[in-house]
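Asks: Quick one: the structure is below, questions incoming.
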Amino acid sequence: MRNQPAATDQWALLDEVRSMLAPINPVAPSAFEGQEQDWVRPAQPARSAGRWRVLAPALSGVSVIAIVLGVTLVGGAQRPNSAGGSGALPKFYVTVNGLPPKETAIVHSTATGQALSSVHLSEPNGGTVSMIAAARSDREFYIAASVRQPKTGQFAMGILRLSLSADGRSAKLTRLPVYVVDPSVPHPWPPQVLDMAVSPDGRELAAMIFTGTAPASVIKPATELMVIPTHSGGHPAFWRAPKRDFAYGVNVNWVSNRSVAFLWEDQFRGNPADYTARTAVRVLNLRASNHNLLKSAVLMRGGGAFGDIQNAYVGPGGGPIIAALAHDTPAIGPKGTAVARLVAASPVTGKITKVFARRVLHYRNDTRRYIDDGIYSVLGLDASGKDALVQAPRFGMIRNGMFTALPTGRGTMYAAAW
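The sequence shown lines up with residues 35 to 452 when you count with this note's numbering.
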């Protein structure tokens, strides 16, 4: 897929963003460009356990259109940014493996890749894959999953807190007293959490939700940003985009305790199998009184030779944007060439500062094009904003510019966080 060049945004960058995101020093394109074998560090023998059946996160326009068509989605989530990170890697990462009703959250050691403990997400999920996000503490994660309402017995999307022991060998699930959307409001299909993240202070959870309404029997898809208190009885707050053509947002992460960055796609043209769209990385000041999701600053735009922004997360304190890009030639059609890149970009200029990996792929049908466009995926950043959890195309992490493969555990992985 390829998006059309973005039009000039009508809102200037927020003053807060300019003061918060200092310029990063440009870095020449990496010597690893086009030579992934040179930057892939072999997995250690201890990491060979489990099957390497990893399904790449489908966070693109095709994936959301797939929801409308009733196709199950796959997604990734990220560790939220925390101020003053020491630079040490997260002690644990957690994967969500399997499909409902056999979903399992598996706790892994980042240092060894060993599976330390697991928790079965026991309640049936109606075909909706659970999403996961990590708090700044390595011992607390949040999972969006289908839960049974105590009074009605019906299922609705709820939030579970996964608490780990100091060594990660014990894990416990507790339910927050909140639902992702109001369960009393009927929806034409179950709400889908596209991505979520925990604020640096741990007090709020931001979730990007794909849902729909059916006024006058006409289904209208909608994407909403929901901010949920994690440790109090406060009510959720919502940010919505103006009514317009099909659009959606993903890749949520906190830039500060009051600002959330996300990837936005809109201006879709074509059909679910053959289309173009506009992509941009935005940042929203949650403390502003206006709850318009698009009253947000644009940090990076997709378009032209730059390519579609497939995934993108913004580092804290002026750190780089880590993004997966894809450029298709021609823009539409079942046959062509996809140039996929995994890059770092400046949050001030939106320009690429480093290329971690690059591949040129030749597709011969729509399905292959979709797979080629998503060969690289960014699942999130650590607290420093410099180390990323990725699929390139294997699941693993980028640490100091080097890729290290990580095991996902038994079964197919559908979400991950650290």
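No residue lacks a Cβ here, since even glycine has one placed at the ideal position from N, Cα and C.
Only a predicted model underlies this, so the values are computations on that prediction, with no experimental measurement involved.
1) When the Cα atoms are used, what is the spatial distance from ALA358 to GLY336?
2) I need the straight-line Cα distance from GLY304 to THR310, nearest angstrom please.
3) Quick check on the DSSP output: the beta strand (DSSP E) that includes ILE409 runs from which residue to which?
4) Name, in chain order, the residues that DSSP records as bridge partners for GLU299.
5) Measure the beta-carbon distance from LEU259 to VAL294 and round it to whole angstroms, keeping in mind my assumption that it falls under 8 Å.
6) Any C-beta of chain D sitting closer than 7 Å to the C-beta of GLY236?
7) Report the three-state DSSP secondary structure of ARG444 (helix, strand or coil).
8) Could you give the C-beta distance for ILE343 and LEU297, rounded to a whole number, given that I count them as a contact under 8 Å?
9) Just to confirm the assignment, what range does the beta strand (DSSP E) spanning LYS369 have?
10) Run the CB neighbour count on VAL108, radius 10 Å, all protein chains shown included, and call it buried at 16 or more, exposed below.
11) In angstroms with no decimal places, state the Cα-to-Cα distance between GLY443 and ALA205.
12) Within 10 Å of its beta-carbon, does ALA378 have 16 or more other beta-carbons around it, so buried, or fewer, so exposed?
13) Would you mind reading off the limits of the beta strand (DSSP E) that contains THR438?
14) Give me whichever residues DSSP pairs with VAL214 in a beta bridge.
15) Spatial neighbours of VAL271 within its chain, please: CB distance less than 7 Å, with the 5 preceding and 5 following residues excluded, ordered by chain position.
16) Measure the Cβ-Cβ separation of PRO381 and VAL348 and say whether it is below 7 Å.
17) DSSP on THR208, reduced to helix/strand/coil?
18) Which of helix, strand or coil does DSSP assign to THR129?
19) Going by Cα to Cα distance, which pick from LEU155, ALA145, THR371 and ALA426 is closest to TYR176?
20) Per DSSP, what kind of secondary structure is ALA451 in: helix, strand or coil?
21) Buried or exposed for ASP229, please, with buried defined as at least 16 other CB atoms from any protein chain shown within 10 angstroms of its CB.
22) Hey, out of ASN285, ARG403, GLY370 and ARG398, whose CA is closest to VAL412's CA?
23) Let me know if ALA339 comes out buried or exposed under the rule of 16 or more other beta-carbons within 10 Å of its beta-carbon.
24) Alpha carbon to alpha carbon, how far is ALA360 from GLY384? Give it in angstroms, no decimals.
25) Between which two residues does the beta strand (DSSP E) harbouring PHE340 extend?
26) Would ALA273 pass as a contact of PRO234 if the rule is Cβ separation under 7 Å?
27) Taking the beta strand (DSSP E) that VAL382 belongs to, which residues open and close that run?
28) Of the residues LEU150, VAL214 and ILE386, which one's Cα is nearest the Cα of ALA198?
29) Can the beta-carbon of SER152 be found closer than 7 Å to that of ILE140?
30) Using only the alpha-carbon positions, how far apart do PHE126 and ILE356 sit?
31) Looking at the structure shown, is GLN44 part of a helix, part of a strand, or coil, going by DSSP?
32) Nearest-angstrom Cα distance between GLY469 and HIS269?
33) When the Cα atoms are used, what is the spatial distance from ARG428 to THR186?
34) If the criterion is Cβ atoms closer than 7 Å, does the pair GLY147 and LEU415 meet it?
Replies: According to the structure data:
1) 11 Å
2) 7 Å
3) Run containing ILE409: none; DSSP gives neither H nor E here.
4) TYR282 and THR313
5) 7 Å
6) Note that chain D does not occur in the displayed structure, where there is just one protein chain.
7) coil
8) 6 Å
9) No beta strand (DSSP E) holds LYS369; DSSP gives it neither H nor E.
10) The predicted model places VAL108 with a pLDDT of 33, which falls under 50 and marks its position as unreliable, so this point remains unresolved.
11) 16 Å
12) buried
13) 436 to 439
14) According to DSSP, which records beta bridges pairwise, VAL214 is partnered with nothing at all.
15) Note that residue 271 is Ala in the sequence shown here, rather than Val. Here the set comprises VAL261.
16) yes
17) strand
18) Under the three-state reduction of DSSP output, THR129 falls in the strand class.
19) The residue from LEU155, ALA145, THR371 and ALA426 with its alpha-carbon nearest to that of TYR176 is LEU155.
20) strand
21) buried
22) ASN285
23) exposed
24) 16 Å
25) Segment: none, PHE340 is in no beta strand (DSSP E) and carries neither H nor E.
26) Strictly speaking, residue 273 in this sequence is Trp, with Ala absent from that position. Result no, Cβ atoms of TRP273 and PRO234 do not sit closer than 7 Å.
27) That residue, VAL382, is in no beta strand (DSSP E); it is neither H nor E in DSSP.
28) The question names Ala, yet the displayed sequence has Leu at residue 198. The option with the nearest alpha carbon to LEU198 is LEU150.
29) Yes; because the gap between Cβ atoms is below 7 Å, this pair is in contact.
30) 21 Å
31) Residue placement at GLN44 is flagged as unreliable, the pLDDT there being 27, under the threshold of 50; a coordinate-derived value is accordingly withheld.
32) Given that the chain is displayed from residue 35 to residue 452, the structure contains no residue 469 and the question cannot be resolved.
33) 42 Å
34) GLY147 is not a Cβ neighbour of LEU415, given a cutoff of 7 Å.
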